[in-house]
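Following: one structure in structure tokens, then a few remarks.
Residue numbers (full-length UniProt numbering): 1 to 278.
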């Protein structure tokens, strides 16, 4: 095996819950439950990742069209469905953006409160706003930053991790195959890691990727080594991206080639995974 023990499953909110505050779609829910069973069969956890960027039908959470209670309703229903399966991790939202850190923090806290009120003890992943970038954790929008807005996030069970994403290209967008230097990615995690130490939160690197370029491979190994060295502050990581439907030319595609050959990134990911899951 590759040493991996967790998989992140992106799910579209509109498919899962077609009507605001309505019933969950039976077919979509069945697919998620099947994936969760498959993960358990391979001794892996599954992160249920609502991959919506803090939007629902192209309207932002906290707007008149999508009040926070609509977001909380989704997670109440999911908590009811999965509260007896601790193998399922609740990923509240992928990369919230165009929503202020303060408003997003309020929505996240409401979801956490709702999940716990439903009796679910599942681990919860709470991302930051501003696309969840570790490098931009202290960046401000109208005077608000993720660092200030999420510092006081509260979970009575203390089973919540703060999720960040970090790409290795020059602008941290994940749109280029280039990398600045072997240490650049690690440096982008330092401020967030210090914040974890200060606030007593736990971190999770939910998304990152590196191309096959030598500098990027070095940066990838260096970054994962940094997380390993700070494992008391970091719960783990999930790499982007696996799956048979990715374009074969996509530079961050981790799926093996049709002849079974592994991507060069996998040797680093597997070695690092085995070190921390042993």
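In this text, a Cβ means the ideal position worked out from N, Cα and C, and glycines have one as well.
It should be emphasised that the depicted structure is a prediction, and the values quoted were computed from it without experimental measurement.
Q) Is the number of C-beta pairs between the region 135 to 142 and the region 59 to 67 that are closer than 8 Å three or more? A) no
Q | Rounded straight-line distance, which links the Cα of residue 233 to that of residue 21 | A | Here the question's residue 21 lines up with position 21 in the chain shown. Here the question's residue 233 lines up with position 233 in the chain shown. Rounded to whole angstroms, residue 21 to residue 233 spans 36 Å at the Cα level.
**Q.** Residue closest to residue 145, alpha-carbon to alpha-carbon, out of 101, 110 and 127
**A.** Residue mapping note: residue 145 aligns to position 145 of the chain shown, counting from 1. The option with the nearest alpha carbon to residue 145 is 101.
Q.
Given this structure, state the Cα-to-Cα distance separating residue 229 from residue 273, to the nearest angstrom.
A. Position 229 of the chain shown, counting from 1, holds the residue named residue 229. Position 273 of the chain shown, counting from 1, holds the residue named residue 273. So the two alpha carbons sit approximately 13 Å from each other.
Q: Look up residue 220 in the DSSP assignment and say whether it is helix, strand or coil.
A: Taking the chain shown and counting its residues from 1, the one referred to as residue 220 is at position 220. Residue state, collapsed to three classes: helix.
**Q.** Close Cβ partners of residue 110 (< 6 Å) along its chain, the five nearest in sequence each way excluded
**A.** As a first step, residue 110 is located in the chain shown; it is residue number 110 there, counting from the start. Closer than 6 Å at Cβ, skipping near neighbours: 68 and 72.
Q. If you draw a straight line from the C-alpha of residue 94 to the C-alpha of residue 271, how long is it?
A. Numbered from 1 along the chain shown, position 94 holds the residue referred to as residue 94. Numbered from 1 along the chain shown, position 271 holds the residue referred to as residue 271. One C-alpha to the other measures close to 27 Å.
Q: List the endpoints of the continuous beta strand (DSSP E) containing residue 207.
A: By 1-based counting over the chain shown, the position of residue 207 is 207. Counting along the chain, the beta strand (DSSP E) containing residue 207 begins and ends at 202 to 207.
Q. In the structure shown, what three-state DSSP assignment does residue 175 receive?
A. As a working mapping, residue 175 is identified with position 175 in the chain shown. Here residue 175 sits in coil by DSSP.
Q) Which word fits residue 181, buried or exposed, when buried means at least 16 other C-beta atoms lie within 10 angstroms of its C-beta? A) Indexing the chain shown from 1 puts residue 181 at position 181. Burial call: exposed.
Q) Which one or two residues does DSSP pair with residue 125 in a beta bridge? A) Position 125 of the chain shown holds residue 125. Per DSSP, 91 and 161.
(Q) Distance check for residue 107 and residue 129, CA to CA, integer angstroms please. (A) Here residue 129 refers to the residue found at position 129 when the chain shown is read from its first residue. Here residue 107 refers to the residue found at position 107 when the chain shown is read from its first residue. One C-alpha to the other measures close to 11 Å.
Q.
Tell me the DSSP secondary structure of residue 112 in three-state form.
A. The residue given as residue 112 occupies position 112 in the chain shown. Looking at residue 112 - three-state DSSP - the assignment turns out to be helix.
Q) Given a threshold of 16 other Cβ atoms within 10 Å of its Cβ, counted over all protein chains shown, does residue 122 qualify as buried or as exposed? A) Position 122 of the chain shown, counting from 1, holds the residue named residue 122. That one is buried.
Q: Kindly indicate which residue of 85, 53, 149 and 252 has the alpha-carbon position closest to the one of residue 199.
A: What you label residue 199 is simply residue 199 of the chain shown in a count that begins at 1. It is 149 whose Cα lies nearest to the Cα of residue 199.
Q. What's the gap between the Cα of residue 275 and the Cα of residue 225?
A. Numbered from its first residue, the chain shown carries residue 275 at position 275. Numbered from its first residue, the chain shown carries residue 225 at position 225. Looking at the two C-alpha atoms, the distance is approximately 10 Å.
(Q) Within 8 Å, do at least three Cβ pairs link the region 253 to 261 to the region 23 to 33? (A) no
Q.
Suppose you measure from the CA of residue 80 to the CA of residue 86; what does that come to, to the nearest Å?
A. Along the chain shown, one-based indexing puts residue 80 at 80. Along the chain shown, one-based indexing puts residue 86 at 86. Computed Cα separation, rounded: 12 Å.
Q: Just mark residue 1 as buried or exposed, buried being the case when its beta carbon has 16 or more other beta carbons within 10 Å.
A: As a first step, residue 1 is located in the chain shown; it is residue number 1 there, counting from the start. Residue 1 comes out exposed.
(Q) In the DSSP assignment, the alpha helix (DSSP H) including residue 236 goes from what residue to what residue? (A) Numbered from 1 along the chain shown, position 236 holds the residue referred to as residue 236. Not the alpha helix (DSSP H): residue 236 falls in the beta strand (DSSP E), residues 234 to 237.
Q) Which of the three DSSP states, helix, strand or coil, is assigned to residue 245? A) Locating residue 245 in the chain shown gives position 245, where the first residue counts as 1. Three-state result, residue 245: coil.
Q | Exposure label - residue 265; buried when at least 16 CB within 10 Å | A | Residue 265 sits at position 265 when you count from the first residue of the chain shown. Counting Cβ neighbours within 10 Å, residue 265 comes out buried, since at least 16 surround it.
Q) Across which residues does DSSP place residue 60 in a beta bridge pair? A) Position 60 of the chain shown holds residue 60. Note: residue 60 sits in a beta bridge opposite 55.
Q: Take residue 213 and list the residues in its own chain whose beta-carbon comes closer than 8 Å to its own, dropping the five residues that flank it on each side.
A: Sequence index remark: in the chain shown, residue 213 carries index 213 (1-based). Closer than 8 Å at Cβ, skipping near neighbours: 177, 178 and 179.
Q: Consider the Cβ of residue 36: report whether some Cβ of chain E lies at a distance smaller than 8 Å.
A: Protein chain content of the structure displayed is limited to a single chain, and chain E is not contained in it.
Q: Could you tell me how far apart the beta carbons of residue 206 and residue 6 are, in whole angstroms, since I believe they sit closer than 8 Å?
A: For the purposes of this step, residue 206 is identified with residue 206 of the chain shown, where counting begins at 1. For the purposes of this step, residue 6 is identified with residue 6 of the chain shown, where counting begins at 1. Residue 206 to residue 6, Cβ: 10 Å. No contact.
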